[in-house]
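Numbering (UniProt numbering), first residue to last: 1 to 476.
Virtual Cβ for every residue (Gly too), placed ideally from N, Cα, C.
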């Protein structure tokens, strides 16, 4: 199966080449020519490793040996043998995606992407080194750095917005060891960093790829945990096969929720996909009105991984619902030049039939953290709280009592100051002191990868203007 750009069907590549390139040469995102259909009923009864093998092979056929790649990606790297376990918490089921080596959902994809990329590199006969470029709003950076650390034939460069990530997230990145890793703070926000990375792809004359969810090889593994969650509910007798399940997804760059859409298109009985935003609610407005308008201030919130105004993976959804590359190209050019676009009404109706948008303020997020912990004994991070809040809002407004899964995208210990504050505690200014205080208050175990983080030396200290991103890359 071949892939092509969202902006031009004639811009084609096989799956291995699409993973290697990350972005299509015309600036679009690679999509499979056809979304594959699978035996979803059989898939959901599989353990995680064979399930992941089946799902990823379906989206990226031709990259092999997939079974071995999956085994190398996940064996011994997650604190839960299920990799992505589910937990019943009151009215909802929580899909925990933070049991990997960096305590965030990105681990599920970024443990797998280096395996896919190195296999694709071998299959394509590529001899030269690849430089992985990544902009991060907090979690992708560390997960990518850890995943590609000391991988032969690969260098990785991560850009993060200075002051736009939590202290724990920043420490995870700037203390990263590895002979092939480079980390730069950027004076600006995530959109500045992401736009800078896209500009480097257009300007640099060297072999580049990306670990952002713009890369199809990063997106494909995320589909797996929707099947896994559905299977968990089925095996516990909470649903019968064929019964639909709704998913509430904390959403920034639109990759995680797009994976749910792809799972549905592949045959999984998914109901509504709830797009949960924070105060940067550009996606909520889009799903409500059909107008995407990034001409607004970017707010710094307690859920920084969603502090995004340009959600790159939305471009893929626009293609899937329209199958019109010319339309997608025109919309993306308008967004780039004018800062906004409006969908045709028929396309908006198609999207609204499958997606529902809501957003959560910082104040509401803290109320959710406090209430869920106090009433149910479940401790969640601010991003998960946004997913929970939107799930509650959706049920209240629609009366739809379809079983609901809330995706938990990060450990609460990645944002200890915000979580402590939500629990009514005065949070220490130092994030690591806050981490210790949160452990004392809740007795919830701290992920092993975060223990001792404060004592690690800072190996990456450069903070640069966004205009210097290209020159930094050219110097690597």
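In the structure shown, residue 308 falls within a coil segment according to DSSP collapsed to helix, strand and coil. No Cβ-Cβ contact shorter than 8 Å links residue 211 with residue 118. In the DSSP annotation of this structure, the continuous segment of the beta strand (DSSP E) that includes residue 340 starts and ends at 340-342.
Cβ neighbours of residue 331 within its own chain (closer than 7 Å, five residues either side excluded): 318, 341. Closest option to residue 277, judged by alpha-carbon separation, among 301, 444, 266: 301. Per DSSP, the continuous alpha helix (DSSP H) segment holding residue 264 begins and ends at 255-266. Beta-bridge partners assigned by DSSP to residue 14: 2. Inclusion of residue 303 and residue 382 in the CB contact set at 8 Å is warranted, their separation being smaller than that value. The beta carbon of residue 52 sits closer than 6 Å to those of 70, 224, all from its chain and outside the five residues before and after it, given in chain order.
Secondary structure remark: continuous alpha helix (DSSP H) runs of at least 4 residues inside the stretch 58-129, in chain order: 66-74, 106-110, 113-123.
Contact between residue 409 and residue 97 holds, with the beta-carbon distance rounding to 6 Å and staying under 8 Å. Exposed is the label assigned to residue 1, since fewer than 16 other Cβ atoms lie within 10 Å of its Cβ. Boundaries of the beta strand (DSSP E) harbouring residue 276: 270-277, taken from the DSSP string.
Spatial neighbours of residue 370 in its own chain (CB-CB distance under 8 Å, excluding positions within 5 residues in sequence) are listed in chain order as 422, 423, 424. With fewer than 16 other CB atoms across the displayed protein chains lying within 10 angstroms of its CB, residue 37 is exposed.
Cβ neighbours of residue 299 within its own chain (closer than 6 Å, five residues either side excluded): 279, 280. Collapsing the DSSP output to three states places residue 173 in a helix. The DSSP assignment places 355-359 as complete runs of the beta strand (DSSP E) inside the stretch 349-389, in order along the chain (cut-off: 3 residues). Within the same chain, and ignoring the five residues on either side of residue 256 in sequence, the residues whose Cβ sits closer than 8 Å to its Cβ are 105, 213, 222, 249, 250, 407, 409. Counting every other CB atom within 10 Å of its CB across the protein chains shown gives residue 429 a total below 16, marking it as exposed.
Judged by DSSP in its simplified three-state form, residue 471 adopts helix. Note on geometry: alpha-carbon atoms of residue 152 and residue 5 lie some 29 Å from one another.
For the options 116, 126, 175, 128, the alpha carbon positioned closest to that of residue 141 is the one of 175. At a cut-off of 4 residues, not a single continuous stretch assigned as alpha helix (DSSP H) sits fully inside the stretch 217-259. Taking 8 Å as the cut-off, the beta carbon of residue 434 is found no closer than this to the beta carbon of residue 451.
Here residue 167 is buried, its C-beta having at least 16 other C-beta atoms within 10 Å.
In the structure shown, residue 282 adopts helical secondary structure according to DSSP, grouped into three states. Burial is judged here by how many other beta carbons sit within 10 angstroms of a residue's own beta carbon; residue 108 has at least 16 and is buried. In the three-state reduction of the DSSP assignment, residue 24 falls in the coil class. In the three-state DSSP reduction, residue 50 falls in the helix class (H, G or I).
Boundaries of the alpha helix (DSSP H) harbouring residue 441: 431-442, taken from the DSSP string. Non-local C-beta neighbours of residue 18 in its own chain, meaning closer than 7 Å and more than five positions away in sequence, comprise 3, 30, 216, ordered along the chain. Approximately 4 Å separates the beta-carbon atoms of residue 15 and residue 60; this is inside 8 Å, confirming the contact. Here residue 307 is buried, its C-beta having at least 16 other C-beta atoms within 10 Å. A Cβ-Cβ separation of about 5 Å places residue 260 in contact with residue 273 under the 8 Å criterion.
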